[in-house]
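Peer 1:
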Amino acid sequence: MAILDRDVQATAAAGKPLEPAPRRRRAGTGRGRRITRHAFLVLFALLMLYPLIWMIVSSFKPSNLILTQTGLFPSEVTLENYTGGWDSLGTPFTTFLINSGVVAVGSIVGNLFSCALTAYALARLNFRASKLYFGLTLLTMMLPFHVLVIPQYILFAEMGWVNTYAPLLIPKFLATDAVFIFLMVQFIRTLPRELDHAAMLDGAGPFRIFWSIILPLMQPALITTTIFTFIWTWNDYFGPLLYLTKTKLYTVPVALKSLVDSETQSGIGIMFAMSLVSLIPILLFFLFAQKYIIKGIATTGIK
Amino acid sequence: MTLLNRRSRGAGENAPQAPPPDTESIVTGRKAGNRKPTSLRQGWVAHIFLLPWMIGMIVVTAGPLIASAILAFTDYDLLSAPEFIGFDNFTRMMEDDRYWASVGVTLTYVVVSVPLQLIFALFLAMILDKGIRGLAIYRSGFYLPSLLGGSVAIAILWQQLFGDSGLVNEGLGLIGIEADSWLQNPDTALWTLIILNVWTFGSPMVIFLAGLRQIPEELYEAAEVDGAGKVRRFFSITIPLLTPIIFLNLILQMIGAFQAFTPAHVVSGGTGGPLDSTLFYTLYIYQEGFVNFDMGYAAAMAWVLLLVIALATALNFIASRRWVHYGDE
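Quick note, the sequences are listed as chains A and B, same order.
Residues in the first sequence are numbered from 13 upward in steps of one, following my numbering.
Residues in the second sequence are numbered from 7 upward in steps of one, following my numbering.
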C-alpha cells in the first residue's frame, strides 16, 4: 500500500514534475482524535457503500424477501436469481458478456494503436502543425458527443453498419478518444530526449525509435489507457443503445436495460443478480489495477 | 520517388536557411537562437503517424460537427431529404415546453450536484490528507462509486433504492417517517439522480488529494508559529493554494454533468418522467433524434448545448482570474 501512496503524488495540473511531499503527521495526532477520525471515516464509508452491499446480499435472497426483509442476513439463501436470470432474455447472458468483451478488447486495441501513434508524433516529431494539432485534440476533449452523434449515426447507417460493432470500434482505431492522446503525450514528454538522439545517431528512424524505444518505455501510460478504455466501453450505454437493436448483439448494459423493461417487481432479485454480474469485470480491475487507476485520475482528471 | 520530391519541396518552403544539422545540436537538442532543428523528413513522417488521427478528425469529429450545424437548420427524418427551414428549429425551441423543462432539469442538476460533489470531495480529501493510517483503503472505498456510477447496473440499484419499499424508505421507516416512491414523485425524482452524482465524489477527491500533497508543509508550520488557527490556516493557505485544482475539478465535473444520460434514461424508463422531472437535456435530444427521428431539431438542440457548455466554461475561466491563484503570481 505504501507504494501506492507514493505513486499518487502527481498533480492534476497536467504533468508538473513530481516533488516528494512529506507525509503529514502533524495536526490531530492525539490518540482520541485519531480514533474519532477513523470512526467517522468507517461509518461514512459504510453509509456510501451500503447500497452496494445491499444489492449483493439481495441478489442471494428469494425475490419475495428482498423488499420485505431488508436486513443483511437473509433467512434463506438461494442462487435462483442467478440461474433464473441467466436465460431470462431468451439469449443467455454468456452471449452478452462475450459481446461486451469483444467490444471492450477491440476498443482497447484500437485506442492503444491509434493514440500511441498520434501521441508520439505530437510529442516528439518536429513539424509545423504540431502545436495546432495538439490544440485541436484538446478542444475535442471538451466537445459534447451529442453534437456529433446525429451525423455520425446517419453516416454509419448509410454504410450499413447498424447492428454491427463497427460504429463502436472504428472510431477507436481513429484516435478519437482524445484524453488518451493527452495522457500519452504528457507521459512521452517526461522521457529524456537523449534516448531518441542516441538512437538517431545509431541510424534509427522515427518508426524504429517509436517501436523500440518510446513504446516500451510508455508502458504505464498504455496500461492506464487499457484500464480506462475497458471500464468506459464496458459501461457504455449510449453507443450500443443506438447501434444495436438485435438482442443477440446486445452488450451487457443494453441487455440489463431490456431486462428491466421486461421484469416486474418480482424480478428484482434477477435484476440485482445480473447487474452484479455486469459489474464483476470492473470490480476485478478495481482490485488489481488500482495503482494505475488512481494515477490516471490524478494526472488527467479522467473519471 | 515522391518521398524525395516532397522532401526537397518541403525544404524550400519550410526553412530556407536551415543550416545542415551538426551532431552537437542533435545531441543537445539546442541550436543557436534556441530553435529545434527542423528536420523536414519528420513533417512527412509525422503525417504517416498521424494518419489514423487525421481520418478520425475529419470523418468522425470535424465532419459531423459541421454536418450537425447544417442539420440544425433543416427538417430531416432520415427517410426523405433534409429540407432547409431557416431558424425554425430554434424558434420552435423557444416555444417548446418540454425543451424548457429539460433546460431546467439539467441546470438544476449541474448547479446543485457539482458543488455538492466537490464539497464532499474536498472535505474527505482534507481528512485523508493528514497522514492517516489505511489511507489507501479509505481512498479506494470512497473512489469505488465513481467507477461504477455511470453504469446501467447502478441506475437499476438506484431505482430500487428509492422505490416504494426500497432501502431508503425502509431506513426512514425505522425513524418513523413514511414516504412513497421517490422516483414516482416529480418533486423528488431529480434529487435521487443528484444524490447519485454526489455519490461519485471519489474521482475529484483523488485529484484533491494529489493537489493537497503539493502544498508545502512549511507554510502550515509558519502559520502555526504566527498563531493562525485551524480555520484560518484552511482559508488562508489550503484554499488559495488549491484553487487551480478546485477550478480543474469544477470544469471537469461541470462538463460531465451537462452530458449525463444513462441514469435518467434507465430510471425513468426512457421517458424523462414523471412529468418530465428527469428529462435531462441529452435525454430530450435522444428522444427527438432517435425516437421521433426529428434529427434536424435534435441537432439544433445539440448545438445549443455545445454553445452553452462553451459559454459556461468560458465564464468559469473569466471568473477564475478573480479567484484562482497560480503559484507563480
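Every residue, glycine too, gets a C-beta built ideally from N, C-alpha and C.
Everything numeric in this text was worked out from a predicted model, so none of it was measured.
Is the CB of B/Pro70 under 7 Å away from at least one CB in chain A?
Peer 2: Closer than 7 Å to some Cβ of chain A, the Cβ of B/Pro70 qualifies, so yes.
Peer 1: Using the C-alpha atoms, what's the distance from A/Val117 back to A/Phe242?
Peer 2: One C-alpha to the other measures close to 7 Å.
Peer 1: Return the bridge partner residues of B/Asp81 from the DSSP annotation.
Peer 2: Per DSSP, B/Glu89.
Peer 1: Could you check the C-alpha separation between A/Met60 and B/Leu167 for me, to the nearest Å?
Peer 2: Going from the Cα of A/Met60 to the Cα of B/Leu167 covers about 13 Å.
Peer 1: Does the contact criterion of 3 or more C-beta pairs under 8 Å hold for the segment 174 to 193 of chain A versus the segment 60 to 79 of chain B?
Peer 2: Touching, yes, given that three or more Cβ pairs across the two stretches are closer than 8 Å.
Peer 1: Near B/Trp197, what residues of its chain come up, given a Cβ to Cβ distance below 6 Å and the 5 sequence neighbours on each side ignored?
Peer 2: Within the same chain, B/Trp197 has no close Cβ partners at all.
Peer 1: What residue range is occupied by the uninterrupted alpha helix (DSSP H) comprising B/Met60?
Peer 2: First-last of the alpha helix (DSSP H) with B/Met60: 57 to 61.
Peer 1: Counting C-beta neighbours from all protein chains within 10 Å, is the total for A/Ile47 16 or more, i.e. buried, or is it exposed?
Peer 2: Looking at its Cβ environment, which holds fewer than 16 other Cβ atoms inside 10 Å, A/Ile47 is exposed.
Peer 1: At 7 Å on the CB atoms, spell out the chain B contacts of A/Arg43, in chain order.
Peer 2: The contacting residues do not exist; A/Arg43 stays about 12 Å from chain B at best.
Peer 1: Along the chain, which unbroken stretches of the alpha helix (DSSP H) at least 4 residues long are found entirely within the segment 148 to 184 of chain A?
Peer 2: Listed in chain order, the complete alpha helix (DSSP H) runs (minimum 4 residues) inside the segment 148 to 184 of chain A are 158 to 170, 178 to 181.
Peer 1: With a threshold of 8 Å, are at least 3 pairs of Cβ atoms found where one atom belongs to the segment 259 to 276 of chain A and the other to the segment 145 to 165 of chain B?
Peer 2: They touch, by the three-pair rule.
Peer 1: Would A/Ser290 count as contacting chain B if we go by Cβ distances under 7 Å?
Peer 2: For A/Ser290, the answer is yes, since a Cβ of chain B falls inside 7 Å of its Cβ.
Peer 1: Are A/Ile309 and B/Ser209 close, meaning C-beta to C-beta below 7 Å?
Peer 2: Closer than 7 Å, so yes.
Peer 1: Would you say A/Met283 lies against chain B (beta-carbon separation less than 7 Å)?
Peer 2: With 7 Å as the cut-off, A/Met283 counts as an interface residue toward chain B.
Peer 1: Whole angstroms are fine: how far does the CA of A/Asn138 sit from the CA of B/Gln123?
Peer 2: Rounded to the nearest angstrom, the two C-alpha atoms are 42 Å apart.
Peer 1: Give every residue of the same chain whose Cβ lies closer than 6 Å to the Cβ of B/Leu321, excluding the five residues on either side of it in the sequence, and list them in chain order.
Peer 2: Closer than 6 Å at Cβ, skipping near neighbours: no residue.
Peer 1: Looking at A/Val115: is its Cβ nearer than 7 Å to the Cβ of A/Tyr177?
Peer 2: Contact: yes.
Peer 1: Return no unless some Cβ of chain B is closer than 7 Å to the Cβ of A/Ala310.
Peer 2: So, interface residue.
Peer 1: My output table needs one value for B/Ser209: the three-state DSSP class, helix, strand or coil.
Peer 2: Three-state result, B/Ser209: helix.
Peer 1: Do you know how far the Cα of B/Leu128 is from the Cα of B/Ala325?
Peer 2: If I take the Cα positions, the gap works out to 20 Å.
Peer 1: Report yes if the C-beta distance between B/Leu311 and A/Pro156 is below 7 Å; otherwise report no.
Peer 2: In contact: B/Leu311 and A/Pro156 (Cβ atoms closer than 7 Å).
Peer 1: Give a yes or no on whether 7 Å exceeds the smallest Cβ distance from B/Phe286 to chain A.
Peer 2: So no, B/Phe286 is outside the interface.
Peer 1: Going straight from the alpha carbon of B/Ala308 to that of B/Ser274, what length do you get?
Peer 2: If you take the alpha carbons of B/Ala308 and B/Ser274, they lie about 21 Å apart.
Peer 1: Mind pulling the chain A residues with CB within less than 9 Å of B/Val51?
Peer 2: Result: Ala133, Leu137, Phe139, Gly217, Pro218, Phe219.
Peer 1: I need the boundaries of the alpha helix (DSSP H) containing A/Asp273, first residue and last residue.
Peer 2: Its alpha helix (DSSP H) spans residues 264 to 274.
Peer 1: Quick one: measure Cβ to Cβ for B/Tyr144 and A/Leu124, integer angstroms, because I've assumed they're closer than 8 Å.
Peer 2: In fact, because the Cβ distance is near 32 Å, the residues do not count as touching under 8 Å.
Peer 1: May I ask you to report which of helix, strand or coil DSSP gives A/Val89?
Peer 2: Of the three classes helix, strand and coil, the one that applies to A/Val89 here is coil, per DSSP.
Peer 1: Please report the distance separating the alpha-carbon of B/Glu184 from that of A/Val289.
Peer 2: Their Cα atoms are separated by approximately 33 Å.
Peer 1: In three-state DSSP terms, what is B/Pro246?
Peer 2: Of the three classes helix, strand and coil, the one that applies to B/Pro246 here is helix, per DSSP.
Peer 1: Please go through the same chain and pick out, in chain order, the residues whose beta-carbon is closer than 6 Å to the beta-carbon of A/Thr238, but skip the five residues on each side of it.
Peer 2: Excluding residues within five positions, the ones whose Cβ falls inside 6 Å are Ile120.
Peer 1: Give me, in chain order, the residues of the same chain whose beta-carbon lies closer than 7 Å to that of A/Pro218; leave out the 5 immediate sequence neighbours on both sides.
Peer 2: Same-chain partners within the cutoff: Leu137.
Peer 1: Taking Cβ to Cβ, would you say B/Thr268 is nearer than 7 Å to A/Tyr165?
Peer 2: Not in contact: B/Thr268 and A/Tyr165 (Cβ atoms no closer than 7 Å).
Peer 1: Exposed or buried, what is B/Gly172 when buried is set at 16 or more other beta-carbons lying within 10 Å of its beta-carbon?
Peer 2: B/Gly172 is buried by the Cβ-count criterion.
Peer 1: Distance check for B/Gly177 and A/Gly83, CA to CA, integer angstroms please.
Peer 2: So the two alpha carbons sit approximately 11 Å from each other.
Peer 1: Count the other C-beta atoms from every protein chain shown that fall within 10 angstroms of the C-beta of B/Gln165, then say buried if there are 16 or more, exposed otherwise.
Peer 2: Buried is the call here.
Peer 1: Which of the three DSSP states is assigned to B/Glu184 in this structure?
Peer 2: Here B/Glu184 sits in coil by DSSP.
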